[in-house]
Amino acid sequence: MTPAPSQPSISLPWWGRLETRVMAALAMLGILSVGASAYLVHLAVAFFDARLTGVLLESEDVVETVGPFHQALIDAEIAGFEARARALAFELALAYAAGDPGSSSMPLSNILAREPDLVAIERIDPDIGTIRFDREEEFPSSSFEWFEVTQTVPERGRPEGEGARLRVTFRIDPTIDERYQQLGAHKQRLGLERTMQADIETAVRRVFGIASGLVLVLSVLAGFALVRTTTRKANVLSRAMLRVGRGELKIRADVRGRDELGQLAEAFNRMLDELELAQEKVAYLQRIGAWQDMARRIAHEIKNPLTPIQLAVQQLREKDPHLSPEFTQLLRTSVEIVEDEIEGLRRMVVSFGRFAKMPEVRLEPVMLNRILDEFERAYGQLGEPEEHTLTIRRLAVDVEIEADRQLLKQALVNLVENAVLSAREHGVNPIRVDVIAAMDVDAVDLTVDDNGPGIAPERLETVFEPYETSRKDGTGLGLAIVKKVVLDHRGEVRASRGPLGGARFRIRLPRRVRNAG
Amino acid sequence: MKRRAFLGSILVLGTLKVGRPEALPVRKAVFEEVGNSVFITVSLPSLFRRSDKEALASIDSGFDTTLVFQLRLWEIGTRALVAEESLIVKIRRDPWKRQYTVRTRTPSGWAKREFATRDQALNEATTLVRVRLVAADRLGRGANGPFYFAEVLALRNPLVAEPSSSGGTNDGRAQGRDLEWFGTLVDVLAGEQARAEESVHLRTNAFYLLPR
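First to last, the sequence lines map onto chains F and S.
Residues 9 to 525 (my numbering) are what the first sequence spells out, left to right.
Residues 10 to 221 (my numbering) are what the second sequence spells out, left to right.
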């Protein structure tokens, strides 16, 4: 199979080629798909962004609403601490009014023991100094927040501002701050989420853009590879067709694969095979026709003077005056030579005439085994000695072909005679010739094998040409007649080396196709 | 390298502007050697702009505003990370005492300072004053080098990622992994701005230790 040339012979601009158009269409489709997806992603992001923003804003509003309550709670706590300190100051004043205020610190320690959230209680008296009770170890300032309240202890007889003061340090309930800070953390997170939204949206779009770009590039590359493969096949086919159109029937489309283009190329190559074969047949038949015409003319030109020559020679022999024995002998010898040559020429004329006057093939339905039977009856055996064998193997199930019985038998006779004469000329003994019929789905084969000298490989192609012979006295017309008969039967004949050691000729004829109905 | 570590590296590189601290904007800082320690003093006022009403309101409402400082000490020309320190500062208005407090986390607990005005508190919170950066004996000496500079990444109210926010699900592991990838990519592309209310990322001027 000759590969198609690599040079492009299709004069199409790059933008007009199938490859470019399909690639452009693929790229456009890819861009459209990615664009549509990008728009949908944009809409989806915007939709969820709006929803999330609403939720975040509402959550922040909730947190903002809690803020004033917290301050109000703390203010209430402070007011409570101040009220409790004031009450403790009165309690202390009453206690001291009942006893000696400078001699006993019992009320302070009692108060500290009674109030669980007191860190310290301290009485500051300008006259007797400061008395303090605390439990700082229990509530250290590094772990607890304190709140300090100072109150004047009301005392009868002392002017306002000059009396004793009570300083009370309360432990602030840590859960108030902890819960509020938790709320603050949520608020910050909500705010951060809201401020992050724009960045995240942009990042999401970038991620989608990168991913889509990668997918698009990969898709275009894959599409390019696919299109390239497909259009390359189409280009190869197209170039092959162009060259076939220019008459180069040896060209074959080198397209592989089981797709439609592969099948198309296979069918195209098969069509070219058949076309080439048909062309060879036509050329052969034309050559044969020319040879037949020439043979007819030669036969005619040779045949006409033969009879006068023969008569003249006979007269010469009859008119011998017998003057001299030497002359008589010379004349007789010369006449015999001329008569032998005339006889040879006459045989040649007969052969030429037979070749030139080959009848037209008349095809008719006939059973193959019938032809073989008639051939066996007509040919019988190969002659003396009896060791020579002709074996005819028929079809087990007879099959019908369209053939001219006489001509097909003649072709078989020519093949067998050619085998026998060649074997005999080379001294083969005993001679063996097998005629074997076989068939397949759409054709029958008639194979003639012999044990003769065979055909040299370089002569396998030319052995069917007219006047091509390797025998000394052969005319080179027998095999030419065989091929013409076979070609006229729409068949083919090939020569090769046979299994018996000699030549093999295989005639392949189409089986008869019955019309439906 | 495992995938998680790889993604983590990408995240860090993204945070550090693709790992090129030399390319960061420069801020003047003061480096002092006291004993065997090198201290840094640098001010980052842009971490708390006075025009950011929302942030100021958050402080006034009594919520903690957390400032995280990450300090990295680099040797110029070698891309070698010499030391790394971090510092956490919280600032808020105390609703009980009606004043502003700045608390700094120390190894022994929180150190608290109180200020009457918000500006004072903000100045205190956004200025790193004599923060220990590295032991002096870990650094080379001499006017001819080696030279060092500090990279400062300051985040205001950074977003602390919750484990469940990575997107992994039990009922769809493949989809969970994809979602995790997607989330990581988004985080990388969104950058540090999306992980904190405000961020300042800069490098200091170079310094060297005097020879002894």
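We put the beta carbon where it would ideally sit given N, CA and C, even for glycine.
Any chain F beta carbon closer than 8 Å to residue i
{"i": "residue 104 of chain S", "result": "yes"}
{"i": "residue 73 of chain S", "result": "yes"}
{"i": "residue 173 of chain S", "result": "Here the model assigns residue 173 of chain S a pLDDT of 45, short of 50, so the residue's position is not dependable, and the following value carries that caveat. No, residue 173 of chain S does not count as interfacial toward chain F."}
{"i": "residue 162 of chain S", "result": "no"}
{"i": "residue 198 of chain S", "result": "yes"}
{"i": "residue 185 of chain S", "result": "no"}
{"i": "residue 194 of chain S", "result": "yes"}
{"i": "residue 168 of chain S", "result": "yes"}
{"i": "residue 118 of chain S", "result": "yes"}
{"i": "residue 206 of chain S", "result": "yes"}
{"i": "residue 95 of chain S", "result": "no"}
{"i": "residue 46 of chain S", "result": "no"}
Per DSSP, the bridge partner or partners of residue i
{"i": "residue 480 of chain F", "result": "Note: residue 480 of chain F sits in no beta bridge, so no partner."}
{"i": "residue 83 of chain S", "result": "S/90, S/158"}
{"i": "residue 108 of chain S", "result": "S/103"}
{"i": "residue 121 of chain S", "result": "S/112"}
{"i": "residue 512 of chain F", "result": "F/457, F/504"}
{"i": "residue 205 of chain S", "result": "S/167"}
{"i": "residue 173 of chain F", "result": "F/132, F/160"}
{"i": "residue 142 of chain F", "result": "F/128"}
{"i": "residue 373 of chain F", "result": "F/410"}
{"i": "residue 518 of chain F", "result": "F/451"}
{"i": "residue 41 of chain S", "result": "S/48"}
{"i": "residue 95 of chain S", "result": "S/79"}
{"i": "residue 210 of chain S", "result": "S/162"}
{"i": "residue 150 of chain S", "result": "S/218"}
{"i": "residue 341 of chain F", "result": "The partner list for residue 341 of chain F (beta bridge, DSSP) is empty, contrary to what the question assumes."}
Local conformation of residue i per DSSP, three classes
{"i": "residue 26 of chain S", "result": "Residue placement at residue 26 of chain S is poorly supported in this model, since its pLDDT is 45, which falls under 50; the coordinates are not used for a value here."}
{"i": "residue 155 of chain F", "result": "strand"}
{"i": "residue 33 of chain S", "result": "coil"}
{"i": "residue 70 of chain S", "result": "coil"}
{"i": "residue 405 of chain F", "result": "coil"}
{"i": "residue 78 of chain S", "result": "strand"}
{"i": "residue 60 of chain S", "result": "coil"}
{"i": "residue 180 of chain F", "result": "coil"}
{"i": "residue 583 of chain F", "result": "Nothing in the structure corresponds to residue 583 of chain F, since chain F is present only between 9 and 525."}
{"i": "residue 137 of chain F", "result": "strand"}
{"i": "residue 25 of chain F", "result": "coil"}
{"i": "residue 317 of chain F", "result": "helix"}
{"i": "residue 216 of chain S", "result": "strand"}
{"i": "residue 529 of chain F", "result": "The structure shown does not extend to residue 529 of chain F, since chain F is modelled only from 9 to 525, so the question has no answer here."}
{"i": "residue 234 of chain F", "result": "helix"}
{"i": "residue 144 of chain S", "result": "strand"}
{"i": "residue 137 of chain S", "result": "strand"}
{"i": "residue 440 of chain F", "result": "strand"}
Short CB-CB distance (under 8 Å) between residue i and chain S
{"i": "residue 271 of chain F", "result": "no"}
{"i": "residue 259 of chain F", "result": "no"}
Within chain B, partners of residue i - CB distance below 7 Å
{"i": "residue 191 of chain S", "result": "In the structure shown, chain B cannot be found, because the protein chains are F and S."}
Contact test: residue i Cβ vs the ligand ATP heavy atom, cutoff 7 Å
{"i": "residue 194 of chain S", "result": "The ligand content of the structure shown is nil, which means the ligand ATP is not present either."}
Quick check: the segment 480-497 of chain F against the segment 361-368 of chain F, are there 3 or more CB pairs under 8 Å? Verdict: yes, contact present.
Practice problem: Taking 8 Å as the threshold, find out whether the segment 128-145 of chain S comes into contact with the segment 92-103 of chain S through three or more Cβ pairs. | Solution: The segment 128-145 of chain S makes contact with the segment 92-103 of chain S, as at least three CB pairs between them are under 8 Å.
* Would you check if the segment 507-519 of chain F and the segment 447-458 of chain F touch, i.e. whether three or more CB-CB distances between them fall below 8 Å? => Yes: the two stretches touch, three or more of their Cβ pairs being nearer than 8 Å.
TODO: Give, in chain order, every residue of the segment 142-158 of chain F whose Cβ lies closer than 8 Å to some Cβ of chain S.
DONE: Residues passing the 8 Å Cβ filter: 150, 153, 155.
| said: For the pair the segment 312-319 of chain F and the segment 275-291 of chain F, tell me if three or more CB-CB distances fall below 8 Å. | reply: Because the criterion of three Cβ pairs below 8 Å is not met, the segment 312-319 of chain F and the segment 275-291 of chain F do not touch.
- Task: Below 9 Å between beta carbons is the criterion; list the residues of the segment 179-204 of chain F that meet it against any residue of chain S, in chain order.
- Result: Within the segment 179-204 of chain F, the qualifying residues are 180, 185, 188, 189, 191, 192, 193, 195, 196, 197, 199, 200, 201, 203, 204.
Any residues in the segment 207-227 of chain F with a beta carbon nearer than 7 Å to a beta carbon of chain S? Which ones, in chain order?
Residues 207, 208, 211, 212, 214, 215.
Give, in chain order, every residue of the segment 50-78 of chain F whose Cβ lies closer than 8 Å to some Cβ of chain S. Taking a C-beta cut-off of 8 Å against chain S, the contacting residues of the segment 50-78 of chain F are 75, 78, listed in chain order.
Margin query: Tell me which residues of the segment 119-138 of chain F have at least one Cβ-Cβ distance to chain S shorter than 8 Å, keeping chain order.
Written below: Listed by position, the residues of the segment 119-138 of chain F near chain S (Cβ gap below 8 Å) amount to none.
If contact is defined by three or more beta carbon pairs under 8 Å, each pair taking one atom from either stretch, is the segment 459-473 of chain F in contact with the segment 424-436 of chain F? Segments in contact, yes.
Margin query: Tell me which residues of the segment 50-63 of chain S have at least one Cβ-Cβ distance to chain F shorter than 8 Å, keeping chain order.
Written below: Of all residues in the segment 50-63 of chain S, 63 have a Cβ within less than 8 Å of some Cβ in chain F.
Any contact of the segment 287-299 of chain F with the segment 259-266 of chain F, i.e. 3+ C-beta pairs under 8 Å? Between the segment 287-299 of chain F and the segment 259-266 of chain F, the count of Cβ pairs shorter than 8 Å is below three; the stretches do not touch.
Exercise for the section: Inspect the CB distances between the segment 138-145 of chain F and the segment 65-78 of chain F and report whether three or more fall short of 8 Å. Expected result: Judged by Cβ distances under 8 Å, the segment 138-145 of chain F makes no contact with the segment 65-78 of chain F, as fewer than three pairs qualify.
Practice task
Would you list, in chain order, the members of the segment 33-50 of chain F that have their beta-carbon closer than 7 Å to a beta-carbon of chain S?
Solution key: If the cut-off is 7 Å between Cβ atoms, the segment 33-50 of chain F has nothing near chain S.
On the three-pair Cβ rule with 8 Å, is the segment 468-484 of chain F touching the segment 396-414 of chain F?
At 8 Å Cβ cutoff, the stretches do not touch.
Please confirm if the segment 183-195 of chain F is in contact with the segment 155-164 of chain S, defined as three or more CB-CB distances below 8 Å between the two stretches.
Verdict: no, contact absent.
Handout entry: Touch test, the segment 222-236 of chain F against the segment 198-210 of chain F, Cβ-Cβ under 8 Å, three pairs minimum
Key = With a cut-off of 8 Å, the segment 198-210 of chain F and the segment 222-236 of chain F do not count as touching, because too few Cβ pairs lie within range.
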